[in-house]
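Structure first, then comments.
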Amino acid sequence: MNPDFIMILTVFVLAIFVGFEVITKIPPILHTPLMSGSNAISGITLVGAIVAAGAGGGVIATVLGLLALIFATTNVVGGFLVTHRMLKKFKK
Amino acid sequence: MYLELLVAALVTIGFLAGIRLMQSPETALWGNRLGAASMAVAIVLAFHLTGIMLSAVVYLAIGAVVGIVIGRKVRMIQMPQTVALFNGLGGGASALVAATAMAMEGAAAPWVFWLTAALALGIGVLTFTGSILAALKLQAWVSQRPVILKGHGAILAALLLIGIALVALLLVERTPAYPIAIAVVFAVYGVLMALRIGGADMPVVISLLNSLSGVAAAVSGMAVGNPLLTGVGALVGVAGMILTQVMCRAMNRSLAAVLSGFEVKPTPAPVSGSADLPGDGRERKRVSEDDLITLLQQAKKIVFVPGYGMALAQAQQSVRTLANALERDGKEVTFGIHPVAGRMPGHMNVLLAEAGIKFRKLRDMRLINPEFSETDVVIVVGACDVINPAAATAEGTPIYGMPVLHAAEANAVVVCNLDEKPGYSGVENSLYRQEHVITLWGDAKETISRITNDYRAARGTIAAERTAGEAPAADESAAANAIAGALREAERIIVVPGYGMALARAQEALKTLIDILESHGKEVTVALHPLAGRILGHVPFLLVDIGVQLDKFDFLANVNPRFADTDVALVVGACDITNPVAMDPGDGQPAPMPALRVSEAKRVLVCNLNDRPGPSGPANPLYAMQHVTAFWGDAAHTLPLITERYLEASATAKT
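Below, the structure written as structure tokens:
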């Protein structure tokens, strides 16, 4: 097993612990925005898509990569937008 | 390389801090902005690493446009399916990233790569198909009923085993056939998983799919060696998992039980009268529908309990109007919200917030439950299972042990549900038969509006009986009385709203008046001028936004011939668009713009701020006409006064 993978596994575990601490404190009133916001964040796979699309593989790799780009960007942009719209409604 | 790692670490911290800010409604908006900004930095970093590729930028732009269009167009009520759709796209993207990586790496790549890539592909595809089907169900393009195939559980278990076997085979022999087979197997798995989920279980499933989309991103990050994907993906995975847990606990069912679906069997509630109320032996008065208004008038503390039925009936605006009317009389009004009410976690909060209810009034189950015993009236709007006292006693039923809102502990409960059929669980609601409960079956929107009108009418009677008090100025009083009298005599009324209504924020007051006039059998039309307001369609938007039905509107050319046989034209904050000069400036000059022929109505009632001309300049001769009554002042003040006088006059006429 290479050291890179071990590093990534460490990041994975750390993120779970930190995430748990932060997310359990979110009040139920904000659960929908939390879900749609974190859903937008899960579009981080966009970064992987950019790297994949730009890596210069064969035709199949490029097509799949570009499709991934569209999916992920829609997820990111739309996700942050609807979360914004929802949160604006939460007035004092 | 260190710079990149540093930036990646900062981006991760940005996302974390963004989620941290979501712990309070006041800072949540900034949290979301911080998340979006972190994403932008992550994208720039990615392009910095690969170099800018034109095709990538183009596809990025396409995705952004699609995201903006969907994100802007969807209505708040469609949020569950929107979140499901985006979620599916995220999972699909992770699957595609894994597939791309597999297509590029040779068979020589280490087994860790193939294992993680295959898992990311499988989980991503499952998230994609499952979420899309869930979105279709929520949009009601596919039946919302759970579809359970013969041996459904066995099929799913078999598919999972086949999927795992295929991943193992791929590790042994790296041919393209295996990834394709893995994708197909997990795609079918996702469909079958979502297929047997019914409406009320959706909050659990959406949370689970949300979690899986994060896991897919995390695992694909392991495959392509990108710690950013893994860290942030894990964060989302945890968020979704926590929500799933919260939802399952609130339904008192295990995740496995939810996922395996269940058939609704009608179950009678255990025998009960008001005697078996949990934990208190207080005596309660027997109440009937006739007591409703008196109960509300005497109540000091009122709690609304909304359920998915409120969303179905689109009753949230009516609920807010009633809540406002009650609050205006100094009553304490809060909202008790069960975690699984609705179709996604926090669904009711979003709907109520959208209707303009302040978040400080929203209480989750834990906070509201101790308060019910000191509550005078609970108003249930489209909620059944989440208030069923049988949950504590009905052993062997699906809701046994489920934490519910203790609405039954209040002094009186008003249930505004569609019918007395049991909720999703199939267990009869024992609350309905208790003596301190008033049940009003029917469309919640209508029921609530009726209560509001009756309550206001009763309030009007009291005001009429009041001899002294903070009486409005004499001329104000006279104007309000004159207008109220004219409205009472009228049968056909056309309302003409203008930008002044928006400025005075009088739309809610106007809607209340319209609702009351209609409930008295009057025909009310809202006339629209295309130039009313500051943007095209401004005024209709404001009115539709607070729940005025579209079929009440009539446009310029259609409505103009109707003024002649209309009893009353009620102008609210509109000047130029009602100006007769606009149509005939005299001296043979061409008409500058078409106006509403308001002056042709038998009587015209004007509620504008003052008699000054509108922005176009010419004074409005309408104001000086014989059949016109004007009530100058802030419409948000004048309209409620008119409404009050109208109700007083109606109440006096009755007695």
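As they're listed, the protein sequences go chains A and B.
Numbering-wise, this note's numbering puts 16 at position 16 of the first sequence, and it's gapless, one number per residue.
To convert, take the position in the second sequence, counting from 1, and add 1000; that gives this note's numbering.
Glycine included, C-beta positions come from ideal geometry on N, C-alpha and C.
Coarse secondary structure for residue i, derived from DSSP in three states
{"i": "A1084 of chain B", "result": "helix"}
{"i": "E1395 of chain B", "result": "coil"}
{"i": "A1569 of chain B", "result": "strand"}
{"i": "E1491 of chain B", "result": "coil"}
{"i": "F1113 of chain B", "result": "helix"}
{"i": "T74 of chain A", "result": "helix"}
{"i": "C1248 of chain B", "result": "helix"}
{"i": "L1374 of chain B", "result": "The sequence given here has Glu at residue 1374 of chain B, not Leu. Helix."}
{"i": "F1186 of chain B", "result": "helix"}
{"i": "I1577 of chain B", "result": "helix"}
{"i": "E1420 of chain B", "result": "coil"}
{"i": "T1127 of chain B", "result": "helix"}
{"i": "L1192 of chain B", "result": "helix"}
{"i": "V63 of chain A", "result": "helix"}
{"i": "V1415 of chain B", "result": "strand"}
{"i": "T45 of chain A", "result": "helix"}
{"i": "A15 of chain A", "result": "helix"}
{"i": "D1385 of chain B", "result": "helix"}
{"i": "V1427 of chain B", "result": "strand"}
{"i": "D1454 of chain B", "result": "helix"}
{"i": "D1554 of chain B", "result": "strand"}
{"i": "I1197 of chain B", "result": "coil"}
{"i": "P1640 of chain B", "result": "helix"}
{"i": "P1594 of chain B", "result": "coil"}
{"i": "I26 of chain A", "result": "coil"}
Boundaries (first-last residue) of the beta strand (DSSP E) holding residue i
{"i": "I1302 of chain B", "result": "1301 to 1306"}
{"i": "V1526 of chain B", "result": "1523 to 1528"}
{"i": "L1169 of chain B", "result": "Not the beta strand (DSSP E): L1169 of chain B falls in the alpha helix (DSSP H), residues 1152 to 1172."}
{"i": "G1547 of chain B", "result": "It is not in any beta strand (DSSP E) - G1547 of chain B carries neither H nor E in the DSSP assignment."}
{"i": "G1336 of chain B", "result": "1332 to 1337"}
{"i": "R1603 of chain B", "result": "1603 to 1607"}
{"i": "I1438 of chain B", "result": "1437 to 1439"}
{"i": "A1630 of chain B", "result": "1628 to 1630"}
Start-to-end residues for the alpha helix (DSSP H) that takes in residue i
{"i": "F1047 of chain B", "result": "1025 to 1050"}
{"i": "G57 of chain A", "result": "No alpha helix (DSSP H) contains G57 of chain A, which DSSP labels as neither H nor E."}
{"i": "V1581 of chain B", "result": "1580 to 1583"}
{"i": "L1362 of chain B", "result": "Counting along the chain, L1362 of chain B falls outside any alpha helix (DSSP H), though it belongs to the beta strand (DSSP E) covering 1362 to 1364."}
{"i": "G1014 of chain B", "result": "1002 to 1021"}
{"i": "A40 of chain A", "result": "31 to 41"}
{"i": "L1292 of chain B", "result": "1292 to 1298"}
{"i": "T1321 of chain B", "result": "1316 to 1328"}
{"i": "V1205 of chain B", "result": "1202 to 1224"}
{"i": "V1350 of chain B", "result": "1347 to 1354"}
{"i": "V1058 of chain B", "result": "1054 to 1073"}
Residues that residue i contacts on chain A, provided the C-beta gap is smaller than 7 Å
{"i": "A1101 of chain B", "result": "A52"}
{"i": "E1354 of chain B", "result": "K89"}
Proximity below 8 Å, CB of residue i to CB of residue j
{"i": "A1410 of chain B", "j": "V1378 of chain B", "result": "yes"}
{"i": "G58 of chain A", "j": "A1103 of chain B", "result": "yes"}
{"i": "A15 of chain A", "j": "T45 of chain A", "result": "no"}
{"i": "P28 of chain A", "j": "P1339 of chain B", "result": "yes"}
{"i": "G1221 of chain B", "j": "P1227 of chain B", "result": "yes"}
{"i": "G1124 of chain B", "j": "A1046 of chain B", "result": "no"}
{"i": "L1170 of chain B", "j": "P1179 of chain B", "result": "yes"}
{"i": "G1071 of chain B", "j": "L81 of chain A", "result": "yes"}
{"i": "K974 of chain B", "j": "T1375 of chain B", "result": "Lying before the first or after the last residue shown, residue 974 of chain B is absent from chain B, which here runs from 1001 to 1655."}
{"i": "A1311 of chain B", "j": "K1331 of chain B", "result": "no"}
{"i": "L1556 of chain B", "j": "P1540 of chain B", "result": "no"}
{"i": "G1547 of chain B", "j": "S1318 of chain B", "result": "yes"}
{"i": "V1572 of chain B", "j": "V1598 of chain B", "result": "no"}
{"i": "A1509 of chain B", "j": "P1640 of chain B", "result": "yes"}
Interface residues of chain B facing residue i [CB-CB closer than 8 Å]
{"i": "I6 of chain A", "result": "In chain order: nothing, as chain B lies at least about 10 Å away."}
Listed by chain order, chain A residues near residue i by CB distance under 9 Å
{"i": "P1403 of chain B", "result": "The contacting residues do not exist; P1403 of chain B stays about 13 Å from chain A at best."}
{"i": "S1220 of chain B", "result": "T45, G48"}
{"i": "G1051 of chain B", "result": "G54"}
Contacts that residue i makes with chain A (C-beta to C-beta distance below 8 Å)
{"i": "M1104 of chain B", "result": "A52, A55, G57, G58, A61"}
{"i": "G1346 of chain B", "result": "P28, I29, L30, H31, T32, P33, L34, M35"}
{"i": "I1062 of chain B", "result": "I70, T73"}
Chain C residues whose Cβ lies nearer than 9 Å to that of residue i
{"i": "I1162 of chain B", "result": "The chain inventory of the structure shown lacks chain C, comprising the protein chains A and B."}
Can you confirm whether the segment 31 to 46 of chain A touches the segment 1229 to 1244 of chain B when touching is taken to mean that 3 or more C-beta pairs between the two stretches lie within less than 8 Å?
yes
Given 8 Å as the limit, is there contact between the segment 1479 to 1495 of chain B and the segment 1559 to 1569 of chain B, that is, 3 or more CB pairs closer than that?
yes
Inter-stretch contact (C-beta, 8 Å, three-pair minimum) for the segment 1104 to 1119 of chain B and the segment 1191 to 1206 of chain B
no
Determine contact between the segment 1358 to 1369 of chain B and the segment 1490 to 1498 of chain B, defined as no fewer than three beta-carbon pairs at a distance below 8 Å.
no
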